[in-house]
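Trainee:
Number of protein chains: 2
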Amino acid sequence: METFKEYEYPGPIYPVNPKYEGEEIQGIKVYGSISSLPDDIPIDLGIIAVPAKITPQIVEELGQKGVLFAHIFSSGYSELGEEGNLLEQQLLEKAKKSHIRILGPNCMGIYNPKGRIGFTHRLPLVSGPVAFVSQSGGNAHRHAFAGIVNGYNFSKIISLGNQIDLDLVDFLNYFRSDPDTKVISMYVENLKRGGNEFVQLLKETTKEKPVIIWKGGKLEAGHNAVKSHTGGLAGNIKLWKSMARQTGVILVNNFKELTEMIKTCLIYKMPKNLGTAIITGGGGPAVELTDECEAYGLKVPRITVKAQKKINEFIPQVNSNLSNPLEFGANGGHVNMIKVMKILDKEPHISSIMITNNPEWYYSAKLNMEEVVKSFANTITPDSNKNIISIYNSSRARKETIDLINEFYSKTRENGIIVYDSAQAAARSIYRLWSYGNYLKNRGYKIKTI
Amino acid sequence: METFKEYEYPGPIYPVNPKYEGEEIQGIKVYGSISSLPDDIPIDLGIIAVPAKITPQIVEELGQKGVLFAHIFSSGYSELGEEGNLLEQQLLEKAKKSHIRILGPNCMGIYNPKGRIGFTHRLPLVSGPVAFVSQSGGNAHRHAFAGIVNGYNFSKIISLGNQIDLDLVDFLNYFRSDPDTKVISMYVENLKRGGNEFVQLLKETTKEKPVIIWKGGKLEAGHNAVKSHTGGLAGNIKLWKSMARQTGVILVNNFKELTEMIKTCLIYKMPKNLGTAIITGGGGPAVELTDECEAYGLKVPRITVKAQKKINEFIPQVNSNLSNPLEFGANGGHVNMIKVMKILDKEPHISSIMITNNPEWYYSAKLNMEEVVKSFANTITPDSNKNIISIYNSSRARKETIDLINEFYSKTRENGIIVYDSAQAAARSIYRLWSYGNYLKNRGYKIKTI
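Heads up: the protein sequence lines correspond to chains A and B, in order.
Residue 1 is where the first sequence starts when you use my numbering, and the numbers rise one by one after that.
Residue 1 is where the second sequence starts when you use my numbering, and the numbers rise one by one after that.
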């Protein structure tokens, strides 16, 4: 009730509770029963938040009123075992008889900024290109807010719960043709119907837009956790990996990887190859970045002798590495970096240019951050199709510099550069994006820009 | 010169530079040559920062003056190729003839807070239990400051550089019997002498104190990066892994894992087994934490029926999981968590209790953070030998809460609890600590508390 008010939902809302009949909640009249609701406007959605046992009866009553959809918030079903399974069957029978489609039970429901519906307070009302379908209300909630700090907004977020009726496949089907959705992301614990339909639909969908799946419940204890959470059988992770390979799905391991992958799909051009040039200060960090890139599938090939010679025109060899990883010791200022990036832009076997930068340094060097970031971004010509990757870890920000860091995140993003907190994070995201591009290319599908 | 002043080095310092002979630097008289230095006090260390070509001559002059140790800061040796190799040979010949031991070249030197020597400004002057030997000046520098945010201090940090004389083995030998050092950590790119001596020494050392090695230069491009950085041949990472298994060395993959592992060794008791109990809010996060624990080798076994029954006395089953991972939905407040942790303290197959907490929540709930953290820590009885692990990611701190977060880090640390930024980070650290304990146990060595 509070969130409908907060988001200024434009239609009528009818609270129903026999205990408060005739009183007001949030200034809105409370009805004592579903049957007593007015008949003048058809009701789109019933939100059910009563003890599990009486939910079948409520669904029946909604059906009699002509309501077509119900979101069941209540928990206490198959996630508790045998008795809960029976309750779900009853619920489904009632729903079928009453021609009601069910979202849930045991779920948070819908967040739709355009439609002014949300499952918690203070969600952004700006619509964006990302859809998220989640078999966890907690993860739906978390992601809604993580979107803000990661710089993207949602078309819709759906918390699925136990999926006794409307399921993952239904929503995948919906988002496939939803014009507001450019990237589909999912948190999945288990499938509720045969895998074939899901696989077919994924194949059709990945042709059009990237589908990113975070599979929860991977090994033994993870399976138990899923059973207790949404009553599902989690299924072998190997099967999911092979499914991803066959369908072009981008599989990720956890929440952090999910948000990183979404950003990557939204901002970066499809890399033509795995070649990565690394520019950093200091030999140790250069070795670390190289190790992390290689560990996650990227290549760090030597740049051409021609390019090395060009760099050597303004950077001496002593205390430098001019072949890749590139590091210039005391000559590593941003003016030289920009010159080097322009040279790298011409290297055909390089698709990603990885740089380390620190917003605190811009500040102490009294540089205009926006100008510097822009001049980095401008080193790339449109037809070279390269991506610039920035590595910076802000996990121990100080009070004095936090505004600076936030400015850094937004300026880089505006200029098509993502800041990852580690080379690891960047490398696995870029590798996955490349794999998806490769999947499309091998099947002769067109690579679309988001 | 500036850092000697800053750290109030207690002995005399003699700047030598023919260009400034007779003038003053930092208020100290400059000498025109080494031979003209006073003979009244023996000189402990020569720090050489001149072009590489003339360093052999300087070493000879230092030898004539009776100086026994030299740190060569200059670079431009084997990291540049053949010509540099020759220069290193010359340097070594001069050093041997002059009975001088060399640290470097191509290195940052020594940080010793007790001895008041440091390689850069604003290093903490507090001595602590961690030694770090680094084949990268950049990583030595980074670690010196990372110690502050991670809550530990150093006995000494050594930046090794090209190791033409004093090498990893020498310093390992030194730190093995250094009473100020409780944990030895290293960043290694390559070995300069036969591996057998190193392996033997490691076996002797790990009996006494944990040795944590971060191996840089793991795959092909990483090897090239090492070659350019310190002129070394990086060696196969498989060999290093097998060496670690044989010697009890704790091998880590990158800088972040290094700092996590050091904290883990300093703060936690040796886990008796891999059993981990997870307490969190929400089914989705419970699945994620379980997946991450299992992916990095920990076990998440069901707790005993007896313990489940005890928990069920005050937490209902609906919207909860009482078996492990434990999650209590709306009943997950800290008072219930403390009760549950006391029950888990009696479970013999559990060694680690993983909780998620958020300092912002303490604040908004108007709780005294110190009291809450203390009461968490007090759930563990001394003889149960369990560790409490906290998971919280502060990477997007807000200005208003940054003090709160820092307080949280220090209060948890004071009470023997480490806050990791992910279950992944916690799981891999605890698994590695357990493996080290297992190595010691299998060989009948005593497990010492730090």
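Each residue gets a CB set at the ideal place from its N, CA and C atoms; glycine is no exception.
Scan the stretch 115-174 of chain B and note each continuous alpha helix (DSSP H) run of 4 residues or more that stays entirely inside, going in chain order.
Mentor: Counting whole runs of 4 or more residues, the stretch 115-174 of chain B contains the alpha helix (DSSP H) stretches 137-150.
Trainee: Which whole-angstrom value is the C-beta distance of V287 (chain B) and V226 (chain A), which I expect to be below 8 Å?
Mentor: Numbered from 1 along the second sequence, position 287 holds the residue referred to as residue 287 (chain B). Numbered from 1 along the first sequence, position 226 holds the residue referred to as residue 226 (chain A). Right, the Cβ-Cβ distance comes to about 6 Å (below 8 Å), so this counts as a contact.
Trainee: List the endpoints of the continuous alpha helix (DSSP H) containing M369 (chain B).
Mentor: Mapped onto the second sequence, residue 369 (chain B) falls at position 369. Unbroken alpha helix (DSSP H) run through M369 (chain B): M369 to A377.
Trainee: Chain A beta carbons: is any one of them nearer than 8 Å to that of D167 (chain B)?
Mentor: One-based indexing of the second sequence puts residue 167 (chain B) at position 167. Judged by the 8 Å Cβ criterion, D167 (chain B) is not in contact with chain A.
Trainee: So L344 (chain B) packs on I350 (chain B), CB below 8 Å; how close in whole Å?
Mentor: Numbered from its first residue, the second sequence carries residue 344 (chain B) at position 344. Numbered from its first residue, the second sequence carries residue 350 (chain B) at position 350. Yes, they are in contact, since the Cβ atoms of L344 (chain B) and I350 (chain B) sit about 6 Å apart, within 8 Å.
Trainee: Considering only their Cβ atoms, is the gap separating S185 (chain A) from S155 (chain A) smaller than 8 Å?
Mentor: Residue mapping note: residue 155 (chain A) aligns to position 155 of the first sequence, counting from 1. Residue mapping note: residue 185 (chain A) aligns to position 185 of the first sequence, counting from 1. Against a cut-off of 8 Å, the Cβ pair of S185 (chain A) and S155 (chain A) comes out as no contact.
Trainee: Go to H99 (chain B), then tell me how far its beta strand (DSSP E) extends in each direction, as first and last residue.
Mentor: If you number the second sequence from 1, residue 99 (chain B) lands on position 99. Unbroken run through H99 (chain B): none, as it is neither H nor E.
Trainee: Against chain A, with Cβ distances strictly below 8 Å, would N358 (chain B) count as a contact?
Mentor: Taking the second sequence and counting its residues from 1, the one referred to as residue 358 (chain B) is at position 358. No, because no Cβ of chain A sits closer than 8 Å to the Cβ of N358 (chain B).
Trainee: Can you tell me where the beta strand (DSSP E) holding T264 (chain B) begins and where it ends?
Mentor: Position 264 of the second sequence holds residue 264 (chain B). Element bounds for T264 (chain B): not the beta strand (DSSP E) but the alpha helix (DSSP H), F255 to I267.
Trainee: Taking 8 Å as the CB-CB limit, is N321 (chain B) close to chain A?
Mentor: Residue mapping note: residue 321 (chain B) aligns to position 321 of the second sequence, counting from 1. Chain A, which has a Cβ nearer than 8 Å to the Cβ of N321 (chain B), makes this yes.
Trainee: According to DSSP, simplified to helix, strand and coil, what is F408 (chain B)?
Mentor: Residue 408 (chain B) sits at position 408 when you count from the first residue of the second sequence. Residue state, collapsed to three classes: helix.
Trainee: Along the chain, where does the beta strand (DSSP E) that runs through Y187 (chain B) open and close?
Mentor: The sequence position of residue 187 (chain B) within the second sequence is 187, counting from 1. Here the beta strand (DSSP E) through Y187 (chain B) covers V183 to V188.
Trainee: Out of A:F376, A:G416, A:I237 and A:E208, point me to the one whose CA is closest to K446 (chain A)'s CA.
Mentor: In the first sequence, residue 446 (chain A) corresponds to position 446, counting from 1. Closest option to K446 (chain A), Cα to Cα, is A:E208.
Trainee: Which residue from B:G63, B:Q57, B:F69 and B:S394 puts its Cα closest to that of Q90 (chain B)?
Mentor: For the purposes of this step, residue 90 (chain B) is identified with residue 90 of the second sequence, where counting begins at 1. For Q90 (chain B), the nearest C-alpha among the options comes from B:Q57.
Trainee: With a CB to CB cut of under 8 Å and the five nearest residues on each side skipped, what residues in its chain are close to E8 (chain A)?
Mentor: Translated into the one-based positions of the first sequence, residue 8 (chain A) becomes position 8. Once the five neighbours on either side are set aside, the close Cβ partners of E8 (chain A) are R116.
Trainee: Whole angstroms are fine: how far does the CA of V67 (chain A) sit from the CA of K97 (chain A)?
Mentor: Counting from one through the first sequence, the residue named residue 97 (chain A) turns up at place 97. Counting from one through the first sequence, the residue named residue 67 (chain A) turns up at place 67. Rounded to whole angstroms, K97 (chain A) to V67 (chain A) spans 13 Å at the Cα level.
Trainee: Which class does T401 (chain B) belong to by DSSP, given the choice of helix, strand or coil?
Mentor: By 1-based counting over the second sequence, the position of residue 401 (chain B) is 401. The answer is helix: DSSP assigns T401 (chain B) an H, G or I state.
Trainee: Does the contact criterion of 3 or more C-beta pairs under 8 Å hold for the stretch 390-403 of chain B versus the stretch 253-271 of chain B?
Mentor: No contact exists between the stretch 390-403 of chain B and the stretch 253-271 of chain B.
Trainee: Using the beta-carbon of each residue, which ones in chain B are nearer than 7 Å to Q317 (chain A)?
Mentor: Counted from its first residue, the first sequence places residue 317 (chain A) at position 317. Result: L80.
Trainee: Label V59 (chain B) either buried or exposed according to how many other C-beta atoms from any shown protein chain fall within 10 Å of its C-beta, with 16 as the threshold for buried.
Mentor: What you label residue 59 (chain B) is simply residue 59 of the second sequence in a count that begins at 1. So V59 (chain B) counts as buried.
Trainee: Can you tell me which of A:K53, A:I157, A:R101 and A:S422 puts its alpha carbon nearest to the alpha carbon of S78 (chain A)?
Mentor: Your numbering for residue 78 (chain A) matches position 78 in the first sequence. Of the listed residues, the one whose Cα sits closest to S78 (chain A) is A:K53.
Trainee: Am I right that A365 (chain A) and I417 (chain A) are in contact with their C-beta atoms under 8 Å? What's the rounded C-beta distance?
Mentor: Within the first sequence, the letter at position 365 stands for residue 365 (chain A). Within the first sequence, the letter at position 417 stands for residue 417 (chain A). The pair is not a contact, with the Cβ atoms about 19 Å apart (cut-off 8 Å).
Trainee: For L219 (chain B), which of helix, strand or coil comes out of DSSP?
Mentor: Numbered from its first residue, the second sequence carries residue 219 (chain B) at position 219. Looking at L219 (chain B) - three-state DSSP - the assignment turns out to be coil, as it is neither helix nor strand.
Trainee: If you follow the beta strand (DSSP E) that T280 (chain A) is part of, which residue opens it and which one closes it?
Mentor: As a position in the first sequence, residue 280 (chain A) is number 280, starting the count at 1. Per DSSP, T280 (chain A) belongs to the beta strand (DSSP E) from T276 to T280.
Trainee: Helix, strand or coil, according to DSSP, for K272 (chain B) in the structure here?
Mentor: Working through the second sequence from its first residue, we reach residue 272 (chain B) at position 272. Here K272 (chain B) sits in coil by DSSP.
Trainee: If you run the structure through DSSP and keep just helix, strand and coil, what is S390 (chain A)?
Mentor: Position 390 of the first sequence, counting from 1, holds the residue named residue 390 (chain A). In this structure, S390 (chain A) counts as strand in the three-state DSSP scheme.
Trainee: Compare the Cα-Cα distances from I409 (chain B) to each of B:M369, B:E400, B:N442 and B:S375 and report the closest residue.
Mentor: If you number the second sequence from 1, residue 409 (chain B) lands on position 409. Sequence check: residue 409 (chain B) is Tyr here, not Ile. Comparing Cα positions, the closest option is B:M369.
Trainee: K299 (chain A) by DSSP, collapsed to three states: which one?
Mentor: Working through the first sequence from its first residue, we reach residue 299 (chain A) at position 299. Three-state DSSP puts K299 (chain A) in a strand.
Trainee: Closest to A426 (chain B) by CA distance: which of B:L289, B:V211 and B:R122 is it?
Mentor: Sequence index remark: in the second sequence, residue 426 (chain B) carries index 426 (1-based). Nearest option by C-alpha distance: B:L289.
Trainee: Please report whether the beta-carbon of G333 (chain A) lies at a distance below 8 Å from any beta-carbon of chain B.
Mentor: Within the first sequence, the letter at position 333 stands for residue 333 (chain A). Not one chain B Cβ lies under 8 Å of G333 (chain A).
Trainee: Mind checking who V211 (chain B) pairs with in its DSSP beta bridge?
Mentor: Reading the second sequence from its first residue, position 211 is the one you call residue 211 (chain B). According to DSSP, V211 (chain B) bridges with B:I184.
Trainee: Determine the chain A residues that contact G216 (chain B) at a beta-carbon separation under 8 Å, and present them in chain order.
Mentor: The residue you call residue 216 (chain B) lines up with position 216 of the second sequence. Within chain A, the residues near G216 (chain B) are G284, V287, E288 and D291.
Trainee: Counting pairs of Cβ atoms below 8 Å between the stretch 323-332 of chain A and the stretch 299-310 of chain A, do you hit three or more?
Mentor: Because the criterion of three Cβ pairs below 8 Å is met, the stretch 323-332 of chain A and the stretch 299-310 of chain A touch.
Trainee: At 3 residues or longer, and completely inside the stretch 27-59 of chain A: list those beta strand (DSSP E) runs for me, N to C.
Mentor: As far as the stretch 27-59 of chain A is concerned, its whole beta strand (DSSP E) runs of at least 3 residues are 45-48.
Trainee: Can you list, in chain order, the residues of the stretch 402-426 of chain B whose Cβ is nearer than 8 Å to any Cβ on chain A?
Mentor: Listed in sequence order: I402, D403, D421, S422 and Q424.
Trainee: Compare the C-beta of P18 (chain B) with all C-beta atoms of chain A and state if any pair is closer than 8 Å.
Mentor: Walking along the second sequence from the start, residue 18 (chain B) turns up at place 18. Closer than 8 Å: no.
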